[in-house]
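Working notes, beginning with the structure itself.
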Amino acid sequence: AYHDTEWGFPVADDRRLFEKLSLEGFQSGLSWRTILEKRDRFRAVFHQFDIERIARFTARDVTRLLGDAGIVRHRGKIEAVIHNARRARELIGQEGRSRRSCGGTRRAPPRPGAPAGVHI
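Oh and the sequence shown: position 105 is 486 in my numbering, straight run, nothing missing.
Here it is as structure tokens:
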């Protein structure tokens, strides 16, 4: 179901995009099945992937998350989500919505018959 309804589909919402980025990080080295089975708990402990709230997480929050068996308890991955929330908050503050910075600008597809990378 995930690959039929979510994977590869464009995302314009900052929270949803941040959730996908975060879950991709947690998935590294694991199966998607593991992550998807834990997704509801990830959403709960990361406050529905609220960038502002996660950006304010402290060492105490990291310790709390490391003790939660409902998520992947990997310090580096947890700290990466917090770090990424802080960077995302900065980016959104500078550029506005993430769509403008992440996939909002696209090149026109090559013209039929033109080799890829050749501009006519």
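Don't be surprised by glycine CBs; every beta carbon is placed ideally from N, CA and C. The model shown is predicted, which means the values in this text are computed figures rather than measured ones.
Of the residues the options, the one placed nearest residue i, counting alpha carbons only
i: W388; options: E405, A461 and H464; result: E405
i: H464; options: I416, G410, E433 and T386; result: E433
i: A436; options: G457, L402, E471 and K419; result: E471
i: I473; options: V453, D431 and I459; result: D431
Boundaries (first-last residue) of the alpha helix (DSSP H) holding residue i
i: I452; result: Segment: none, I452 is in no alpha helix (DSSP H) and carries neither H nor E.
i: G389; result: Note, G389: premise wrong, no alpha helix (DSSP H); not H, not E.
i: T415; result: W413 to V426
i: R434; result: I432 to A436
Residue i versus residue j: straight-line alpha-carbon distance, rounded
i: R445; j: T386; result: 32 Å
i: D395; j: H428; result: 14 Å
i: S409; j: L398; result: 17 Å
i: G448; j: K401; result: 23 Å
i: P391; j: I459; result: 25 Å
i: V426; j: E476; result: 27 Å
i: L417; j: L411; result: 11 Å
Three-way DSSP call (helix, strand, coil) for residue i in this model
i: F407; result: helix
i: T444; result: helix
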